[in-house]
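Below: one structure, written as structure tokens.
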Amino acid sequence: MSESENVGADVPPYRYTAATANEIEPRWQAYWAEHGTFHAPNPAGELADPEHPRAGAPKLHVQDMFPYPSGEGLHVGHPLGYIGTDSYTRYKRMTGFNVLHPMGFDAFGLPAEQYAVQTGTHPATTTAKNVERYRTQLRKLGLAYDERRSFSTTDPDYYRWTQWIFLQVFNSWFDRERRRARPIDELIAEFEAGTRAVPGGRAWSALSAVERREVVNGYRLAYVSEAPVNWCPGLGTVLANEEVTPDGRSERGNFPVFQRSLKQWMMRITEYGDRLVEDLDALDWPEPVKLMQRNWIGRSRGAHVGFPMDGGDVVEVFTTRPDTLFGATYMVLAPEHALVSTIVPAEWPAGTKDAWTGGHATPEAAVAAYRAQAAAKTEEERTADAKVKTGVFTGAYATNPVTGAQVPIFIADYVLAGYGTGAIMAVPGHDERDWDFAQTFDLPIVRTISTPEGHEGVWTGDGVAINSDFLNGKQVVEAKAAMIAWLEEKGHGKGATTYRLRDWLFSRQRYWGEPFPIVYDETGLPVALPESMLPVELPEVDDFSPRTFDPEDADSDPETPLSRKKDWVEVVLDLGDGPKTYTRETNTMPQWAGSCWYELRYLDPRNDKRLVDPENEAYWMGPRGAGDTGGVDLYVGGVEHAVLHLLYARFWHKVLFDLGHVSSFEPFRKLYNQGYIQAYAFRDARGFVVPADEVVERDGKWFHGDVEVAREYGKMGKSLKNVVTPDEMAERYGADTFRVYEMAMGPLDTSRPWDTRAVVGSQRFLQRVWRLIVDEQTGADRVVDEPLDPKTRRVLHRVIDGVRGDMEELRFNTAIAKLIELTNTLTPLGTVSREAVEPLVLMMSPFAPHVAEELWGKLGHEGSLAYAEFPVADPAQLVAESVTYPVQVNGKVRGRVEVAPDTAEDAVRAAALEAVAESLAGREPRKVIVVQGKLVSVVV
RNA sequence: GUCCCCGUAUCCCAACCGGCAGAGGAAAUGGUCUCAAACACCAUCCAGUGUGGGUUCGAAUCCCACCGGGGACACCA
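Per my numbering, residue 1480 is the first one in the first sequence, and the count goes up by one each step.
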């Protein structure tokens, strides 16, 4: 690695090199810090500044997904998005916007805790050290953050408000009629006044105090429930559905996850299912991310239908196709369904087919065996071959409410306990899974939708209802509505919507997270701490580790690190009725909690009275008119958070909106997914990774020393020995070169391979600009005040126009290409005109801010260019002096005509025909097409 | 299996509503500078747009099929 180290005696003394960059860059970084150059003024509060050049200007709030400060520090892939937003915001600031571009750290989480467990170092120490390292690395890149607004989610001043939001969630309920959250006191008032029926049918006044609390707790948006959860013994904690992979393992650590019924905190995100789906339409987000959220929420509209049984039980099913009810010839329950054990008769009823029994003598034996078999299967095995359907007859029948027919009830693992009611009506004629099952078990198939001529097998498409009595002749949509009306009238069911989304499991058995602001009294019911007691600080402990277990031990029980801190857990408090002993909640919040609302804290980071001053929130994030969602103007990050962070953050934001704490009803108006920087890794014949920077290419093959190695393409990472750090790039080329390279190598939203060798191209560009202004031998200023020649001036204005357009659309690669083009146009001119060079320096400043600031100074300006006006193209200069039309004859270019830009179509046509007269050779044109400003096409 | 995105020069990428396939960078080749090399500079080189069909005066761009790469979903009733 040599290029920059041989800056020898022969290099001209005033050339722009890595050494120049490394002198300039820290100096400007210090200047910006000292002058608070990138402070953004708030309308109100401590950060208000009426004297600021952008006070009262239109605002722009641009934010990156903040990093988890890992111990390994940054590699060149991490800051790609940060440099993108930095370039964009520097540009927007120069066009007159008051720009908010903050950065913070998402610092709670597993790695710091695991490191603490291994080394005994307190996670707070590790975290502080890592955050400091990140800050240093980011500062070296010249990222223009308002550093007054920076925080870590682990700061007690920050998580105080995370806990405060938890209390808001805990102290509210979802009013389904109004479709929004309301304070829990309003619910209690309704119960007291008798305007809302108490569940269970008893009068509010007849309930004991404890019973009342239990009723109310059943409504809270944050609640404790004993329910099946994802228990991961290997990690010693429970996990949210979103943190479990499709094959039933933990996203972190890849340990097996088991369903266990445990008492845990949940958040009622399902109540927001409709709004989370519907409001997606109003967001400027990439379609794939919207699709992922829609899929995850999985809203289905349909009906609940009751199938009565002789004993009085009713099998309740959910269906999206109530219109096919006449074709429901059997039913299937999930093996875990609660009814299964009660409906099984002692013997197989008459008419039981052999295939239905699984070879067992009694229904009880068959069901028991099938249940055991299903329970033993992993998620992966269960879904491995969807075409092969398994199941067994329960021996019981229910009545199809519309046909009156007795239909057999099966259990099968293709029906999931956790979705809908855990039971289905099977319509083999019009559902693929039911069709497959009916084939295997020889069940009757009744078609209720007309199928196209000649179609055989299952039909899931549209059609007209047949064999369906009062539905016959209706189209699917119409038939669904008619059936729902019938069901509701007869009391056999009603229209319903279900979701794949489950309530959010919100507690973790970890140390390094936010403590809950919750204690338990002698009744064992939770009591919220008052706001005045926030923050509930994380206590010091000796042992940070949760109890972990044999990863396969499904029956182990979680134990929280905080529960071992007895003198913290037992606490005497006066919560209004005198000092009493309480027991603290010892779970902590999941890592997502801190990132669920951080966009709001940037707006008013020092406010110790409120989460955010409403005036500041309305200014930075408020809606721009009726129907506008409000929110961050541009939010940049990777797609990997499509359903986790982005869904949780939307949920919390909507709760805060409902309770009147914010004016925007979505947190992120526009989302942009940056691509990833990929890298090559190399392995020898044994499969061992060799350091990528020691591999050389010869004749299209790769060698490590004399050993040929195989190349693979993928992530950059320590274990792949292919990490390149921004620090090393800054040292070898300077941060500006590194920034320009990252922005120039391709569109921001596509992934591309890192190529250190190509970085030099960006350095040459900066060097050429520098050379335009500074004499490399003497250091003298080369710029003259002579006007530009008209041709170059038109190039300049075309570039200005193009660069502005590119910047607005985040097309940084093409913007840089245009700047290079302009530079290459100016270089051979000999005289360097201020008229061209000043705009060039301003236009390059978003990408290469340090060298631009330095050159701006050399051009005679005082202070920073951060608030200088970005060049504006003169429309008069954008009109070409003349236009050259290529003239095509039958699609081939046969001539050219040069005319004035405003030449009328007829004149262009005449000139063009003349120009290709020879090619026409007397043939009469059948058609002449003149595309104004583009070309002429002649057809003969 | 279903859906979405992408295949342009040796490589990374441009080409905005269909209009002369090349803006920019890297590599390569030749040259200037140099005792020499590196740096720098100048010049050159390089594809008819994955394949096959269609629409059109005209297709990288629109449509269909296939091939290759990436992503999402995958018993959700």
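For glycine and all other residues, C-beta sits at the position ideal for the given N, C-alpha and C.
- In the three-state reduction of the DSSP assignment, I1924 falls in the coil class.
- With a beta-carbon spacing of about 6 Å, Q2153 and D2228 fall inside the 8 Å limit used to define contacts.
- Non-local C-beta neighbours of F2130 in its own chain, meaning closer than 6 Å and more than five positions away in sequence, comprise I1748 and Y1751, ordered along the chain.
- In the DSSP assignment, D2285 falls within the alpha helix (DSSP H) that extends over P2269 to E2287.
- For the pair P1842 and F1889, the Cα-to-Cα distance works out to about 10 Å.
- DSSP, read as helix, strand or coil, puts M1810 in strand.
- Going by DSSP, D1543 is part of the beta strand (DSSP E) stretching over K1538 to D1543.
- With respect to the 8 Å criterion, T2108 and F2167 are not classified as neighbours on the basis of their beta carbons.
- Around the CB of M2286, 16 or more other CB atoms lie within 10 Å, so the residue is classed as buried.
- In this structure, V2262 places its C-beta atom within 8 Å of the C-beta atom of V2316.
- Beyond the five residues adjoining it in sequence on each side, R2026 comes within less than 6 Å, by CB distance, of G1715 and E2038 in the same chain, given in chain order.
- For V1677, the secondary structure class from DSSP, reduced to helix, strand or coil, is coil.
- Relative to A1944, the option among E1957, G1933 and G2117 whose CA is nearest is E1957.
- Contact check between the segment 2260-2278 and the segment 2218-2236: fewer than three CB pairs, one atom from each, fall below 8 Å, which does not count as touching.
- Close CB contacts of P2328 within its chain, under the 6 Å cut and outside five residues either way in sequence, are with G1621 (chain order).
- No Cβ-Cβ contact shorter than 8 Å links V2330 with Y1493.
- Beta-carbon to beta-carbon, H1783 and A1975 are separated by about 5 Å, close enough to satisfy the 8 Å threshold.
- With fewer than 16 other Cβ atoms inside 10 Å of its own Cβ, I2408 counts as exposed.
- Distances from the CA of D2087 to each of A1519, G1524 and H1514 were compared; the closest alpha carbon is that of G1524.
- Look at the beta carbons and you see the segment 1800-1811 touching the segment 1897-1913: at least three pairs across the two are nearer than 8 Å.
- Ranked by Cα distance from F1786, the first of V1881, R1699, V1867 and L1770 is V1881.
- Considering only V1998, V1796, R1661 and D1528, the residue with the shortest C-alpha distance to G2139 is R1661.
- DSSP lists V2366 and V2409 as the bridge partner or partners of V2415.
- Put simply, the segment 2114-2129 does not touch the segment 2191-2202. Fewer than three CB pairs are less than 8 Å apart.
- Only residues of its own chain outside the window of five on either side were considered, and among them S2361 have a CB closer than 7 Å to the CB of A2379, listed in chain order.
- Contact check for T2067 against P1996 fails: the beta carbons are separated by 8 Å or more.
- DSSP links L1770 through a beta bridge to no other residue.
- Around the beta carbon of F1545, 16 or more other beta carbons lie within 10 angstroms, which makes this residue buried.
- In this chain, the beta strand (DSSP E) harbouring V2115 covers L2113 to G2116.
- The continuous alpha helix (DSSP H) containing Y1570 extends over residues L1559 to M1573.
- If you draw a straight line from the Cα of Y1876 to the Cα of V1823, it is about 10 Å long.
- Beta-carbon to beta-carbon, W1827 and G1874 are separated by about 6 Å, close enough to satisfy the 8 Å threshold.
- For N1609, the uninterrupted alpha helix (DSSP H) run begins and ends at P1602 to K1619, by DSSP.
- Counting only runs that start and end inside the segment 2044-2112, the beta strand (DSSP E) elements of at least 3 residues fall at 2049-2053 and 2058-2063.
- Ranked by how close their Cα comes to the Cα of V2115, the residues T1516, M1582 and P1505 have M1582 in first place.
- Taking a C-beta distance under 8 Å as the contact criterion, T2065 and V2051 do not qualify as a contact pair.
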